[in-house]
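Numbering (the working numbering), first residue to last: 33 to 510.
Heads up, the beta-carbon is just placed ideally off N, CA and C, and yes, glycines get one too.
Because the structure is a prediction, the values reported are computed rather than measured.
One structure below.
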């Protein structure tokens with residue numbers, strides 16, 4: 033199936049039926065209201081839509097998809113529109129309708145005894161975290177965009193974040209889903225079971241599918257005991273390889289209490305101090321590389337801090353780290369995490385940037401950063417390398433900012449060539465060109481260079497089977 037084919041504009045009859053399905057408050061044709069939802073925040077993708085639907089419940093979503101399927105009307109499901117690969121942006125000239133799920137924002141149930149929560153797709157991630165916190169539980173998915181991204185989008189992209197090391201990706205946090213298929217049928221599988229071995233894992237078809245197979249309308253998710261003891265350390269390391277050594281030492285010393293392990297380069301600290309209000313260098317002296325480490329345990333454990341401090345001291349004596357500080361309060365820890373989460377924001381004022389969300393085996397991270405930095409620096413003199421990310425799961429956000437003397441447009445003209453170079457290195461090292469952001473429009477063609485042809489063919493067959501008319505988010509993923 034050609035998912036990039038041009039669709040005809042929806043008929044007046046189809047538009048009237050769609051408006052009737054959601055009622056007077058459930059749609060808009062106001063282009064000023066629609067405008068923010070048909071463009072990507074960085075200005076990399078722009079689209080258009082004459083109609084945005086805003087259903088209030090699953091039944092309305094079902095009616096919408098049934099009508100769209102009958103009338104050959106394509107649509108783009110959308111939550112917070114925080115996609116970094118163009119997955120939630122309609123394609124110009126494709127006559128797509130935006131399906132906003134932001135009104136589906138109820139928390140249907142929360143059970144601290146079974147450590148589960150059932151939420152609708154339009155719930156803001158931070159609101160789910162807060163709801164869990166109110167019953168002394170933790171929902172561990174944590175992203176820089178958590179104040180605006182929606183859980184439906186997190187599930188549709190299998191978002192990662194900073195807690196993957198201990199808790200896994202969003203896929204690992206999902207127990208069940210409610211999904212509307214392209215023909216309007218509803219899959220109601222919101223069980224909160226930890227074990228359900230009854231055939232194919234249907235929910236996993238839709239997690240990571242980026243809205244190309246159906247619309248996730250609700251999910252049952254795992255909660256965890258709220259940590260009672262959390263320690264956050266910020267350490268300076270002599271080189272990237274030391275981060276791999278330090279992570280191993282931390283795991284050996286405190287086991288699976290290592291919650292997060294983030295790599296930050298010196299240039300990132302410089303950008304933060306320059307552009308993010310309230311940022312300051314956490315250490316007295318400047319170093320080339322840093323790691324932000326968080327360990328957590330359910331109860332207060334004095335030995336946890338002792339073990340952490342002893343590990344850092346031993347690493348210092350072995351020249352694995354150069355300096356370190358442990359946050360003395362929750363406020364100090366929050367400030368350190370705010371810096372890590374603001375790295376992308378701090379890069380924006382420095383001009384055009386070309387970004388990569390890639391993963392490699394953990395032991396290959398030093399080679400990836402060294403070889404990739406050397407290759408792009410040889411190609412573009414004075415390019416500024418900002419490589420940071422989740423060392424614990426091998427996910428590196430390998431970003432490049434334009435040289436100070438280069439125009440944005442001239443730098444961005446090199447994007448495709450730079451992507452090819454970095455992705456080739458990643459593939460050679462046994463990695464993936466998309467670690468947590470998905471494929472969307474950005475990597476739809478690029479993935480063909482690397483993914484097994486049999487896997488791509490199977491993906492196309494699944495798309496054909498579930499969405500034979502190709503109405504769901506066409507032109508994305510495959």
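Query raised in the report: How many Å lie between residue 34 and residue 122 at the Cα?
Result: Here residue 34 corresponds to residue number 2 of the chain shown, with the count starting at 1. Here residue 122 corresponds to residue number 90 of the chain shown, with the count starting at 1. Residue confidence for residue 34 is low, a pLDDT of 41 falling below 50, so the modelled location carries little weight and cannot support an answer.
Query raised in the report: What distance in whole Å lies between the Cβ atoms of residue 423 and residue 394, which are believed to be in contact at a cut-off of 8 Å?
Result: As a position in the chain shown, residue 394 is number 362, starting the count at 1. As a position in the chain shown, residue 423 is number 391, starting the count at 1. In this structure residue 394 is in contact with residue 423, their Cβ atoms being roughly 7 Å apart against a cut-off of 8 Å.
Requested in this report: Go through its chain and collect everything with a Cβ distance to residue 498's Cβ below 6 Å, but skip five positions before and after it.
Outcome: In the chain shown, the residue the question calls residue 498 occupies position 466. Excluding sequence neighbours, residue 498 sits near 245.
Query - Inside the region 133 to 175 only - alpha helix (DSSP H) runs reaching at least 4 residues - result: 157 to 166
Query raised in the report: So, helix, strand or coil for residue 296, using DSSP?
Result: Translated into positions along the chain shown, residue 296 becomes position 264. Strand, per DSSP.
**Report entry** Continuous beta strand (DSSP E) stretch holding residue 321: start and end
**Finding:** For the purposes of this step, residue 321 is taken as residue 289 along the chain shown, with counting starting at 1. Its beta strand (DSSP E) spans residues 321 to 329.
Query raised in the report: Is residue 325 closer than 8 Å to residue 267 when the C-beta atoms are compared?
Result: Reading the chain shown from its first residue, position 235 is the one you call residue 267. Reading the chain shown from its first residue, position 293 is the one you call residue 325. It is a contact, given that the beta carbons lie within the stated cut-off.
Report task. Report the partner residues of residue 265 according to the DSSP bridge assignment. Result -> Indexing the chain shown from 1 puts residue 265 at position 233. For residue 265, DSSP records a beta bridge to 325, 358.
**Report entry** Inter-residue Cα distance where the pair is residue 202 and residue 138
**Finding:** In the chain shown, the residue the question calls residue 202 occupies position 170. In the chain shown, the residue the question calls residue 138 occupies position 106. If you take the alpha carbons of residue 202 and residue 138, they lie about 19 Å apart.
Query raised in the report: What's the call for residue 225, buried or exposed, on a 16-neighbour Cβ count within 10 Å?
Result: Numbered from 1 along the chain shown, position 193 holds the residue referred to as residue 225. By the neighbour-count rule (16 or more Cβ atoms within 10 Å), residue 225 is not buried but exposed.
Query raised in the report: Would you say residue 465 and residue 482 are within 8 Å of each other, going by their C-beta atoms?
Result: Working through the chain shown from its first residue, we reach residue 465 at position 433. Working through the chain shown from its first residue, we reach residue 482 at position 450. Cβ atoms of residue 465 and residue 482: closer than 8 Å.
Query raised in the report: Helix, strand or coil: which one does DSSP assign to residue 201?
Result: For the purposes of this step, residue 201 is identified with residue 169 of the chain shown, where counting begins at 1. DSSP places residue 201 in the coil class of the three-state scheme, outside both helix and strand.
Requested in this report: Tell me whether residue 219 sits in a helix, a strand or coil according to DSSP, three-state version.
Outcome: Working through the chain shown from its first residue, we reach residue 219 at position 187. Under the three-state reduction of DSSP output, residue 219 falls in the strand class.
Report task. Classify residue 434 as helix, strand or coil using the three-state DSSP reduction. Result -> For this step, residue 434 is matched to residue 402 along the chain shown. Note: residue 434 maps to coil in three-state DSSP.
Query - N- and C-terminal bounds of the beta strand (DSSP E) containing residue 212 - result: What you label residue 212 is simply residue 180 of the chain shown in a count that begins at 1. Where residue 212 is concerned, the enclosing beta strand (DSSP E) starts and stops at 206 to 212.
Query raised in the report: Going by the CB atoms, is the gap between residue 156 and residue 180 shorter than 8 Å?
Result: Looking up residue 180 in the chain shown gives position 148. Looking up residue 156 in the chain shown gives position 124. Result yes, Cβ atoms of residue 180 and residue 156 sit closer than 8 Å.
Query raised in the report: Is residue 389 helix, strand or coil when you go by DSSP?
Result: Numbered from 1 along the chain shown, position 357 holds the residue referred to as residue 389. Reduced to three states, the DSSP call for residue 389 is strand.
Query raised in the report: Does the ligand HEM have even one heavy atom less than 7 Å from the beta-carbon of residue 486?
Result: In terms of ligand content, the structure shown is empty, and the ligand HEM therefore cannot be addressed.
Query raised in the report: So the alpha helix (DSSP H) residue 423 belongs to, where does it begin and stop?
Result: In the chain shown, counting from the first residue as 1, residue 423 sits at position 391. Segment: none, residue 423 is in no alpha helix (DSSP H) and carries neither H nor E.
**Report entry** Length at least 4, wholly inside the region 70 to 114: the alpha helix (DSSP H) runs in chain order
**Finding:** 90 to 103
Query - Environment of residue 130 [buried if 16+ CB atoms lie within 10 Å] - result: In the chain shown, the residue the question calls residue 130 occupies position 98. By the neighbour-count rule (16 or more Cβ atoms within 10 Å), residue 130 is buried.
Query raised in the report: Whose CA, out of 410, 350, 301, lies closest to the CA of residue 320?
Result: Counting from one through the chain shown, the residue named residue 320 turns up at place 288. Here the closest residue by C-alpha is 301.
Report task. Give every residue of the same chain whose Cβ lies closer than 8 Å to the Cβ of residue 250, excluding the five residues on either side of it in the sequence, and list them in chain order. Result -> For the purposes of this step, residue 250 is taken as the residue at position 218 of the chain shown. Excluding sequence neighbours, residue 250 sits near 90, 136, 140, 150, 151, 152, 153, 209, 210, 222.
Query raised in the report: residue 530: which of 371, 415, 354, 350 sits nearest, CA to CA?
Result: Not covered by the structure: residue 530. The range shown for the chain is 33 to 510.
Report task. Would you kindly work out how many angstroms separate the C-alpha atoms of residue 355 and residue 363, rounded to a whole number? Result -> The residue you call residue 355 lines up with position 323 of the chain shown. The residue you call residue 363 lines up with position 331 of the chain shown. Going by the C-alpha atoms only, they are around 21 Å apart.
Report task. Could you check if residue 452 is buried or exposed, using at least 16 other CB atoms within 10 Å of its CB as the buried criterion? Result -> If you number the chain shown from 1, residue 452 lands on position 420. By the neighbour-count rule (16 or more Cβ atoms within 10 Å), residue 452 is not buried but exposed.
Query raised in the report: Roughly how many angstroms separate the alpha carbons of residue 105 and residue 47, rounded to a whole number?
Result: Start at 1 with the first residue of the chain shown, and residue 105 comes out as number 73. Start at 1 with the first residue of the chain shown, and residue 47 comes out as number 15. Using only the alpha carbons, I get a separation of about 9 Å.
Query raised in the report: Among the residues of its own chain, which have a CB less than 7 Å from the CB of residue 252, if the five just before and after it don't count?
Result: As a working note, residue 252 is residue 220 in the chain shown. The beta carbon of residue 252 sits closer than 7 Å to those of 148, 150, 207, 208, 222, 223, 224, all from its chain and outside the five residues before and after it, given in chain order.
Query raised in the report: Using a Cβ-Cβ cut-off of 6 Å (strictly less than) and excluding sequence neighbours within five positions of residue 260, which residues of its own chain qualify?
Result: Along the chain shown, one-based indexing puts residue 260 at 228. Cβ neighbours of residue 260 beyond the five flanking positions: 330, 331, 332.
Requested in this report: Would you kindly report the start and end of the unbroken alpha helix (DSSP H) that includes residue 492?
Outcome: Walking along the chain shown from the start, residue 492 turns up at place 460. Residue 492 -> alpha helix (DSSP H) spans 485 to 498.
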